Structures are given as structure tokens and as C-alpha cells.
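**Student:**
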Amino acid sequence: MNRTTETEIRFDHSFLIESLVMPLAAGTYRLTVDEERIEELSFAAYRILAAHLEIPSIETPSLKRQHLQVTRAEIDAALLKDQQAAPPAATEDRV
Numbered sequence: 001m002n003r004t005t006e007t008e009i010r011f012d013h014s015f016l017i018e019s020l021v022m023p024l025a026a027g028t029y030r031l032t033v034d035e036e037r038i039e040e041l042s043f044a045a046y047r048i049l050a051a052h053l054e055i056p057s058i059e060t061p062s063l064k065r066q067h068l069q070v071t072r073a074e075i076d077a078a079l080l081k082d083q084q085a086a087p088p089a090a091t092e093d094r095v
């Protein structure tokens, strides 16, 4: 038995996925994960078969959308780096 889940993930800063040369823009992205049930167990457990990040971001108007295959580790690392990024420094107007 297989299942597919879709979630929306938010990046506040541009980020880079290993398989890309250029960073992706900040925004909300759709992540689709395909999993299969592990039948040998006495409880419900699933293993990831594939994960895809839909690009560009949801907010970007586009007639063409692509699904970039990613690993959960790549997404987790990019989200962690995004959370750890310092907010932009505030600027003061001086007269």
C-alpha cells in the first residue's frame, strides 16, 4: 500500500539544493512525498520512495512547473540553514 502526502514549506531566504547550480528564491514551496508501507512490521510504518519539490514557489505565477527530485535530508538541511540565517540588519535614517 502506497501513499502520497503534500505539504507546503516556507523559506524566508534564498536556498540551495545540491542538484541545482543556482539558489531558489525565498517563498512557499510544495513538497510531495511518495511512501510505501513496510508490510513486514506489526505496526504501520512507511519508507520514502521519492520526494519532489515543485518549482518555482507557489507565489510565483508560472505556466510551467517542474518537480525536482530531492531527499528528505536535503530539505531538512535547507530548512535548518534558513531558520539559522540572521535577519537583515535594520537600517537607520540619519539626518
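Letter by letter, the sequence shown follows residues 1 to 95 of UniProt numbering. In this text, a Cβ means the ideal position worked out from N, Cα and C, and glycines have one as well. Nothing here was measured: the structure is a model prediction, and the numbers come from that model.
Compare the C-alpha of residue 49 against each of 69, 24 and 14 and name the closest.
**Tutor:** For the residues 69, 24 and 14, the minimum Cα distance to residue 49 belongs to 69.
**Student:** Just to check my reading of the structure: residue 24 and residue 55 have Cβ atoms closer than 8 Å, yes? What is that Cβ distance to the nearest angstrom?
**Tutor:** With 8 Å as the limit, residue 24 and residue 55 qualify as a contact, their Cβ atoms being about 6 Å apart.
**Student:** Roughly how many angstroms lie between the CA atoms of residue 36 and residue 44, to the nearest whole one?
**Tutor:** Each residue's alpha carbon lies about 10 Å from the other.
**Student:** Do you know offhand how far residue 73's Cα is from residue 84's?
**Tutor:** Each residue's Cα considered, the two are about 16 Å apart.
**Student:** Are residue 62 and residue 29 close, meaning C-beta to C-beta below 8 Å?
**Tutor:** No, these two residues do not count as a Cβ contact at 8 Å.
**Student:** Roughly how many angstroms separate the alpha carbons of residue 66 and residue 16, rounded to a whole number?
**Tutor:** So the alpha carbons of these two residues sit roughly 16 Å apart.
**Student:** So, under 8 Å CB-CB, residue 13 and residue 76 are touching, yes? Tell me the CB distance rounded to an integer number of Å.
**Tutor:** Actually they are not in contact, since the Cβ atoms of residue 13 and residue 76 sit about 16 Å apart, beyond 8 Å.
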